[in-house]
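J.: Okay, so the sequence shown: first residue is 1310 according to the working numbering, each after it adds one.
Even for Gly, the Cβ is constructed at its ideal location relative to N, Cα and C.
I have a structure I would like to understand better, so I am pasting it below and will then ask my questions one at a time.
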Amino acid sequence: MVNFFQSIDAVEIFDVAPRDGLQPEPDFIPTSEKIKLIELIADAGCKKIEIASFTHPKWIPQMRDAKAVCNGITRREGVVYNALVPNLRGLELAMECGLDEVVTILSTSESHNKKNLNMSIDDSLREIEKINSVAGKNGVRVRSYIATVFGCPMEGNISREKAIELAMALEGFGSYEISLGDTTGMANPASAHTIPKTIKGKLSKAGLAVHFHKYHGLEFANNFAALQAGITRFDCAVGGLGGCPYAPGAKGNTQTEILVEMFSRMGISTGINLERIYAAGKYGQSLSTLLTQACH
Ligand code: MG
């Protein structure tokens, strides 16, 4: 039985809209519009923003302007900008742009990992270990996503042991934070509570975040359930942007402005200005064609 209610005063919001949110958009979004979205999110007071992906343009053409985006934004004091890197080459490119944080990803599901990254989970682990090693030597922090933690559209329920095993490995590689991804909105408030709670209890150094995707509002119950498990770091995207091109039926990310409003109404500080984050969300939605399809 889940035992509510834990009192928490403040949480951290990690907005992933400029990368995770825009990545699956079918029409190329001009660099200047991506930059404007990042600036609006920062204007609202968000201190952590995922801004680009240094994946080969053949795989993710939407992110082919990653370098221009990184070099085009106004870096603000106290704001962490990071980018997804699938391999060492991606890390090099991110470092050339002066980013001091990168993100890696792998799945608990062998099928999803193969489809998303074109390699086995073991091969992903080996690549991520190398990324962590080089990043560490260069003073770059690594944040690690684990995808399909709450279910996989191809394999269904995944053993929780797999998520624990991967989280421990990633912590061992030196990642400062691990984010548990509900890649296709399959979590429920019970799993959204127990899985993060179990993994948090096993980690000794790395912080733990949750990354829920939309399912007709259930995502807010899931975020709340994770909060009650003592999680204080939340991934979300303004406008509810996103999806996953390699996961059938994948829906957008938790909508930042609604999550911030939920915390605000609860008296939990996010450091984010509500009016401004709504403005950022509105702008983000105006860039999307995906949201207008039957995908949310
Ligand atoms: Mg996402």
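So, helix, strand or coil for L1379, using DSSP?
T.: Checking the sequence shown, residue 1379 turns out to be Cys, not Leu. Assignment of C1379 by DSSP, reduced to helix, strand and coil, places it in the helix class.
J.: Can you list, in chain order, the residues of its chain whose CB lies under 7 Å from that of E1438, leaving out five sequence neighbours each side?
T.: Answer for E1438: F1482, listed in chain order.
J.: Does the distance from the C-beta atom of D1357 to that of V1378 stay below 7 Å?
T.: The residue asked about is misnamed: residue 1357 is Lys in this sequence, not Asp. For the 7 Å CB-CB criterion, K1357 and V1378 do not form a contact.
J.: Quick one: what's C1406 bridged to in DSSP?
T.: Answer by DSSP bridge pairing: none, since C1406 is not bridged.
J.: Flag G1460 as yes when its Cβ comes closer than 6 Å to any non-hydrogen atom of ligand 1, and as no otherwise.
T.: No, since every heavy atom of ligand 1 falls outside the 6 Å radius drawn around the Cβ of G1460.
J.: Restricting to Cα atoms, I'd like to know which of G1354, A1392, R1373, A1476 is closest to A1444.
T.: A1392
J.: In whole angstroms, give me the CA-to-CA distance for V1519 and I1322.
T.: 10 Å
J.: Less than 6 Å separating the Cβ of D1491 from some heavy atom of ligand 1?
T.: Checking every heavy atom of ligand 1 against the Cβ of D1491, none is found closer than 6 Å.
J.: In its own chain, which residues sit with a C-beta less than 8 Å from the C-beta of H1268, not counting the 5 before and 5 after it?
T.: With the chain running from 1310 to 1605 in the structure shown, residue 1268 is simply not present.
J.: What did DSSP end up calling Q1564 once you bin it into helix, strand or coil?
T.: Three-state result, Q1564: strand.
J.: I'd like the list of long-range same chain contacts for H1605, defined as Cβ closer than 7 Å, with 5 residues on each side in sequence excluded.
T.: Low local confidence applies: a pLDDT of 42 at H1605 is under 50, so the model's placement there is unreliable, with the coordinate-based value given in what follows. The answer, listed in chain order, is K1523, G1549, K1560, G1561.
J.: Report yes if the CB atom of E1464 is closer than 7 Å to the CB atom of S1418, and no otherwise.
T.: yes
J.: What is the DSSP secondary structure of Y1592, counted as helix, strand or coil?
T.: helix
J.: Could you please give the first and the last residue of the uninterrupted alpha helix (DSSP H) stretch that includes K1471?
T.: Run containing K1471: 1469-1482, per the alpha helix (DSSP H) assignment.
J.: Could you check how far apart the C-beta atoms of G1399 and I1455 are, in whole angstroms? I think they sit under 8 Å.
T.: In fact, because the Cβ distance is near 18 Å, the residues do not count as touching under 8 Å.
J.: Can you determine whether any heavy atom of ligand 1 sits closer than 6 Å to the C-beta of G1551, and answer yes or no?
T.: yes
J.: Which of the three DSSP states, helix, strand or coil, is assigned to I1322?
T.: In the displayed model, I1322 falls within a strand according to three-state DSSP.
J.: Looking only at its own chain, which residues have a Cβ that is under 6 Å from the Cβ of L1596, when we skip the five neighbours before and after it?
T.: I1338, E1342
J.: What's the call for Q1332, buried or exposed, on a 16-neighbour Cβ count within 10 Å?
T.: buried
J.: According to DSSP, is K1356 part of a helix, a strand, or is it coil?
T.: coil
J.: My guess is that A1326 and F1363 are in contact by the Cβ rule of under 8 Å, so how many angstroms apart are they, rounded?
T.: Not really, about 18 Å apart at Cβ, beyond 8 Å.
J.: Measuring only from the beta carbon, is N1380 closer than 6 Å to any heavy atom that is part of ligand 1?
T.: no
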